[in-house]
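Below: one structure, written as structure tokens.
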Amino acid sequence: MITIDNLSFQYQDDKDMALNGISLEIAEGDFLGIIGESGAGKSTLGYSINGIIPHHYKGDYYGKVTVAGLDTFEEEPSSLALFVGSVFQDIDSQMVATVVEDEIIFGLENFGVAKDEIEDRIESALKEIGIHHLRHREISSLSGGQKQKVAIAAIVALQPKILLLDEPTGELDPKSSRQIFQMLKRLNEEHKMTIVIIEQKIMLLCEYARKLAVMKHGELLCYGSVPDVVKQSDKLEEAGINIPRVSTLCRMLKEKGLTQEEMCIHVDETETMIRRDILSGSWKVPKDKSLTAKISLAEEEKKAIAGELTAREPKISEPIVQFENVSFGYSSDPVVKDVSFTIQKGEFIALIGENGAGKSTLSKLFNGLHKPAKGTVHVNQMNTKEVKSSTMAKSVGFLFQNPDRQICQNTIADEIAFGLRCVIDDKAEIENRTNRTIEFFGFDREAAPFSQSRGERQRIALASLIAVEPKLLILDEPTTGLDYRECMEMMEQINLLNQKGVTVVMICHDMEVVLDFARRVIVLSEGQVILDGPTREVFRNKEALRQASILPPQITELSQRLGEAFCNVDTAEEMLALLMAGKEMAR
Amino acid sequence: MKGFFDYIPNDTSLHRLNPITKILLSFLICIACFVSGNPFFLLGIVGLNLLLGAYAGAFSRAVRLLKGLLKISILLFIIQILIIQSGDVLISLPFHLAVTANGLMTAIKLVLRLVGATIPLALMLSITRMNDLSNALVTKAHVPYKYAFTLTTAIRFIPVFTEEMAGIMEAQVSRGVEFDTRNIFKKMKLILPLCVPLLISSVKKADASAISTELRGFHLRTAKSCYKSYPFCAGDAAAFFFGILLIAGAVTLNLL
Chain A
271 MITIDNLSFQ
281 YQDDKDMALN
291 GISLEIAEGD
301 FLGIIGESGA
311 GKSTLGYSIN
321 GIIPHHYKGD
331 YYGKVTVAGL
341 DTFEEEPSSL
351 ALFVGSVFQD
361 IDSQMVATVV
371 EDEIIFGLEN
381 FGVAKDEIED
391 RIESALKEIG
401 IHHLRHREIS
411 SLSGGQKQKV
421 AIAAIVALQP
431 KILLLDEPTG
441 ELDPKSSRQI
451 FQMLKRLNEE
461 HKMTIVIIEQ
471 KIMLLCEYAR
481 KLAVMKHGEL
491 LCYGSVPDVV
501 KQSDKLEEAG
511 INIPRVSTLC
521 RMLKEKGLTQ
531 EEMCIHVDET
541 ETMIRRDILS
551 GSWKVPKDKS
561 LTAKISLAEE
571 EKKAIAGELT
581 AREPKISEPI
591 VQFENVSFGY
601 SSDPVVKDVS
611 FTIQKGEFIA
621 LIGENGAGKS
631 TLSKLFNGLH
641 KPAKGTVHVN
651 QMNTKEVKSS
661 TMAKSVGFLF
671 QNPDRQICQN
681 TIADEIAFGL
691 RCVIDDKAEI
701 ENRTNRTIEF
711 FGFDREAAPF
721 SQSRGERQRI
731 ALASLIAVEP
741 KLLILDEPTT
751 GLDYRECMEM
761 MEQINLLNQK
771 GVTVVMICHD
781 MEVVLDFARR
791 VIVLSEGQVI
801 LDGPTREVFR
811 NKEALRQASI
821 LPPQITELSQ
831 RLGEAFCNVD
841 TAEEMLALLM
851 AGKEMAR
Chain B
211 MKGFFDYIPN
221 DTSLHRLNPI
231 TKILLSFLIC
241 IACFVSGNPF
251 FLLGIVGLNL
261 LLGAYAGAFS
271 RAVRLLKGLL
281 KISILLFIIQ
291 ILIIQSGDVL
301 ISLPFHLAVT
311 ANGLMTAIKL
321 VLRLVGATIP
331 LALMLSITRM
341 NDLSNALVTK
351 AHVPYKYAFT
361 LTTAIRFIPV
371 FTEEMAGIME
381 AQVSRGVEFD
391 TRNIFKKMKL
401 ILPLCVPLLI
411 SSVKKADASA
421 ISTELRGFHL
431 RTAKSCYKSY
441 PFCAGDAAAF
451 FFGILLIAGA
461 VTLNLL
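Chains as they are written, first to last, in this note's numbering: chain A, 271 to 857; chain B, 211 to 466.
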């Protein structure tokens, strides 16, 4: 269906090759996921399939791409569009209409679909995507997930043979992302539509795609069926991709000779594997659960650091944030309803809940961007109602999901100094702190922030907040849109700050990140706190998680299925240790 | 958050008017405002605007527009009063200034004209689907599709950019930029560096929008592509004559 033959491409005015000798064959009816770090050339590859390259973006082009028998170099993108439908990440700029129905009609009109056929096409596309009830709704009243479905329906109505999607779930929460993938699977299976999706979420790709292509520095690192690719974990690591945690577990078990299973991707098959290969044989529940710490040296080190940390935490707790019966809403309908909690100095808190649960709204109450309609918010002994947000910035740092709203200077040094100038007057001190921060993050001080990658821009935005030395740091989805490596760099930096005593409150959709870093979790549902407790306890509360539409981390899910004996296990290392200890017991 | 031009769905006879008639009617009301020199007539037109809004189920939008115009109206009102110093002195002010009868009259008329002339277009845009507008402009008014699409896209992007700007403001306030100050001059100075992020995101959005419409066959479109038809009917004629009547009324009142 798609043949890419030794394709290389270099954007005009760019000194590096964006694509380097890519050869790829995509068969009819395939479901291919393309994954890789940001800047690996994924989008460029996508653009060369739908003809945007070389027709919209110019540059040096070598090789050949054929789509449904057409050479993309010869054909205009709009004629290719009859075969390849494209959906992108930026939802709002894809929309052309006021009402859903008109959005679908737009493409049909353009491609000259016969007028008596249009009504049928609209109906079937909407039914296909499961948004028939939205037909007459205004687009501005829809949620992000619904809008993205409309965008896909508008393309499906054109009945292309191939559907190309460039990070369509980039701005969506886990629940809507999953819905999008379920829909793609249906289109693929029932209508034999070829699906090519560029995506960062490896778990979803493993679950729904049939093939994976891994890219790095414009080259194709590996390509094959999902299990075959995931098996090459060293290559994935090289490409900066985290494999699913159960896959890591499976690899560890195989290394220790506990199983012969080559690769597990889903929780289901891992459970089957463990029951079949380990639990059904000579295995007993170990009496001493602390055995778990003794297995690997790395694990011991981790524990030692953790122990030291707990020791360092002040014995007498000191509240830094107090919410007392806080309600807030944009109209008469409250979005945050009667919320109360206290946060102590030095805590690392994750705020979780599905989109629309009120997380972002709640976070803006921390620094007075929103003033409570009812109740009071005290942060660092200041009542947010009485103090201006810009004054609070001295002690409360706020990192937004989109770093581009924060960055406004021409060099990194200026950017960091700009934030400092807003809160302190001493010139020497500004200079001093700027230099210190640049050194800490390892930035090139004269580099232009806007030309950096997304992950780097996020770090620059963080750096300019850190320079102010806030006592409390609010992070609104700090890792969204970042690849795995960038995400880890970001989180390590935040963790380091937390160890230095900065209190961290983080909104996060990635439960693995929450498990690894947060020590306390607050679960929001429909504007109310439905659960508040230590991270691992929260992940065991099935009822609350279901209410908030949150899936627990893979290993937690697995250990719950395996039964009571596994009740403390949340990481692959712990699972391995427990399984090995059980083997030992039986002997 | 809803923008000023977001579509308000309903099925009134105002909604059903041809998009071109709606635009024409709002222009006719606008002309009537500028022709008329009678403050009572102008006041009547402001009332008419609110009435039209209420009829279309968009009364709260009309009131919001009115509130939005309040600040600039007050500013213009004061400037006008201070500039025009001829005529009978009503109230003496310091620095040899005074509120005069002429000044007061002109200021009142100016403000009423401003309000009466701006609300109709905004109102009509918020009860018209953008696709209907561009299609009607292409099929009836023979505007090239490219221009019609540019116009409607510009209108569609207003709320997107408003939201972006609000987000930028919040991000900047959170890092200590004093936008939450009451001092308007200080605020103006602070707003400049913000144009950079707004500009960059606008360019990105425009590019993304261009790519996605291109891939949906934008260049293949012709005037015949349009699926719906937009005939003129009795209601349109009535609306048109109503607009003409308003202008005639304004002229007559001036001559009396």
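Glycine is no exception: its CB is placed at the ideal position from the N, C-alpha and C atoms.
Please state whether DSSP places residue i in a helix, a strand or coil.
i: Tyr440 (chain B); result: coil
i: Met485 (chain A); result: strand
i: Ile613 (chain A); result: strand
i: Ala574 (chain A); result: For Ala574 (chain A), the pLDDT reaches just 49, beneath the cut-off of 50, and the residue's location in the model is therefore unreliable, leaving the point undetermined.
i: Gly311 (chain A); result: coil
i: Lys564 (chain A); result: With a pLDDT of 44 at Lys564 (chain A), under the threshold of 50, the modelled position of this residue cannot be trusted; read the value that follows with caution. The answer is helix: DSSP assigns Lys564 (chain A) an H, G or I state.
i: Asn380 (chain A); result: helix
i: Asp362 (chain A); result: helix
i: Leu302 (chain A); result: strand
i: Lys664 (chain A); result: coil
i: Phe809 (chain A); result: helix
i: Pro330 (chain B); result: helix
i: Thr207 (chain B); result: Nothing about residue 207 (chain B) can be reported from this structure: the residues present for chain B run from 211 to 466 only.
i: Val839 (chain A); result: coil
i: Thr310 (chain B); result: strand
i: Val657 (chain A); result: coil
Applying the criterion that 16 or more other CB atoms from any shown protein chain within 10 Å of the CB defines a buried residue, is residue i buried or exposed?
i: Cys405 (chain B); result: exposed
i: Asp342 (chain B); result: buried
i: His640 (chain A); result: buried
i: Ser566 (chain A); result: Its pLDDT being 40, under 50, Ser566 (chain A) is placed unreliably in this model, and the coordinates cannot settle the point.
i: Thr432 (chain B); result: exposed
i: Glu379 (chain A); result: buried
i: Glu459 (chain A); result: exposed
i: Ser270 (chain B); result: exposed
i: Val772 (chain A); result: buried
Going by C-alpha to C-alpha distance, which of the options sits closest to residue i?
i: Cys520 (chain A); options: A:Ile472, A:Ser503 and A:Asp802; result: A:Ser503
i: Arg546 (chain A); options: A:Thr529, A:Pro556 and A:Lys445; result: A:Thr529
i: Asn228 (chain B); options: B:Ile454, B:Asn464, B:Pro441 and B:Ile457; result: B:Pro441
i: His487 (chain A); options: A:Pro497, A:Val499 and A:Glu508; result: A:Glu508
i: Asp341 (chain A); options: A:Pro823, A:Asp362, A:His326 and A:Ile319; result: A:Ile319
i: Leu549 (chain A); options: A:Asn838, A:Asp840, A:Ala842 and A:Gly833; result: A:Gly833
i: Ile305 (chain A); options: A:His779, A:Tyr754 and A:Val783; result: A:Tyr754
i: Pro430 (chain A); options: A:Ala338, A:Asp786, A:Lys655 and A:Ile613; result: A:Ala338
i: Ser660 (chain A); options: B:Thr360, B:Phe389 and B:Ala317; result: B:Phe389
i: Asn595 (chain A); options: A:Gly797, A:Gly316 and A:Gln728; result: A:Gly797
i: Thr474 (chain B); options: B:Phe305, B:Asn259, B:Phe451 and B:Leu466; result: Here chain B comprises residues numbered 211 to 466, so residue 474 (chain B) is not present and cannot be evaluated.
i: Thr464 (chain A); options: A:Met473, A:Arg480, A:Gln470 and A:Ile450; result: A:Arg480
i: Met850 (chain A); options: A:Met287, A:Phe787, A:Gly527 and A:Lys634; result: A:Gly527
i: Glu759 (chain A); options: A:Phe787, A:Asn637, A:His779 and A:Leu482; result: A:Phe787
i: Ala307 (chain A); options: A:Glu709, A:Ala847, A:Gln470 and A:Glu531; result: Residue identity differs from the one stated: residue 307 (chain A) is Glu in this sequence, not Ala. Nearest of A:Glu709, A:Ala847, A:Gln470 and A:Glu531 to Glu307 (chain A), Cα basis: A:Gln470.
i: Val461 (chain B); options: B:Leu262, B:Tyr357 and B:Ile239; result: B:Ile239
State the beta-bridge partners of residue i as determined by DSSP.
i: Thr646 (chain A); result: A:Glu594
i: Pro804 (chain A); result: A:Arg790
i: Asp330 (chain A); result: A:Gln280
i: Ile682 (chain A); result: Per DSSP, none; premise fails for Ile682 (chain A).
i: Asp275 (chain A); result: A:Lys334
i: Ser795 (chain A); result: A:Gln798
i: Asn320 (chain A); result: Partner(s): none; Asn320 (chain A) has no beta bridge.
i: Asn220 (chain B); result: The partner list for Asn220 (chain B) (beta bridge, DSSP) is empty, contrary to what the question assumes.
- Query: Taking Cβ-Cβ distances below 9 Å as the criterion, which residues of the stretch 728 to 751 of chain A are in contact with chain B?
  - Reply: Ala731, Ser734, Leu735, Val738 and Ile744
- Give, in chain order, every residue of the stretch 416 to 439 of chain B whose Cβ lies closer than 7 Å to some Cβ of chain A. Ala418, Ser419, Ile421, Ser422, Thr423, Glu424, Leu425, Arg426, Gly427, Phe428, His429, Leu430, Arg431, Ser435, Cys436 and Tyr437
- Which residues, taken in chain order from the stretch 375 to 396 of chain B, show a beta carbon closer than 8 Å to some beta carbon of chain A? Gly377, Ile378, Glu380, Ala381, Gln382, Val383, Ser384, Arg385, Gly386, Val387, Glu388, Phe389, Asp390 and Thr391
- Task: Scan the stretch 367 to 378 of chain A for residues whose Cβ lies nearer than 8 Å to a Cβ of chain B and list them as they occur along the chain.
- Result: Ala367, Thr368, Val369, Asp372, Ile375, Phe376, Gly377 and Leu378
- Message: What are the residues in the stretch 316 to 332 of chain A lying within 7 Å of chain B by C-beta distance?
- Response: Asn320, Ile322 and His326
- Mind checking the stretch 412 to 433 of chain A against chain B and listing, in chain order, the residues whose C-beta falls within less than 9 Å of any C-beta there? Ala421, Ala424, Ile425 and Leu428
- Message: Against chain B, which members of the stretch 795 to 815 of chain A pass a CB distance test of less than 7 Å?
- Response: none
- Query: Given a limit of 7 Å on CB to CB distance, which residues of the stretch 397 to 414 of chain B reach chain A?
  - Reply: Pro403, Leu404, Val406, Pro407, Ile410 and Ser411
- Any residues in the stretch 684 to 715 of chain A with a beta carbon nearer than 9 Å to a beta carbon of chain B? Which ones, in chain order? Look at the stretch 684 to 715 of chain A: the residues with a C-beta under 9 Å from a C-beta of chain B are Phe688, Gly689, Leu690, Arg691, Cys692 and Val693.
- Query: Got a sec: which bits of the stretch 214 to 236 of chain B sit with their beta carbon under 8 Å from any beta carbon on chain A, in order along the chain?
  - Reply: Asp216, Tyr217 and Pro219
- Query: In chain order, what residues of the stretch 338 to 367 of chain B put their CB closer than 7 Å to some CB of chain A?
  - Reply: Arg339, Met340 and Asn341
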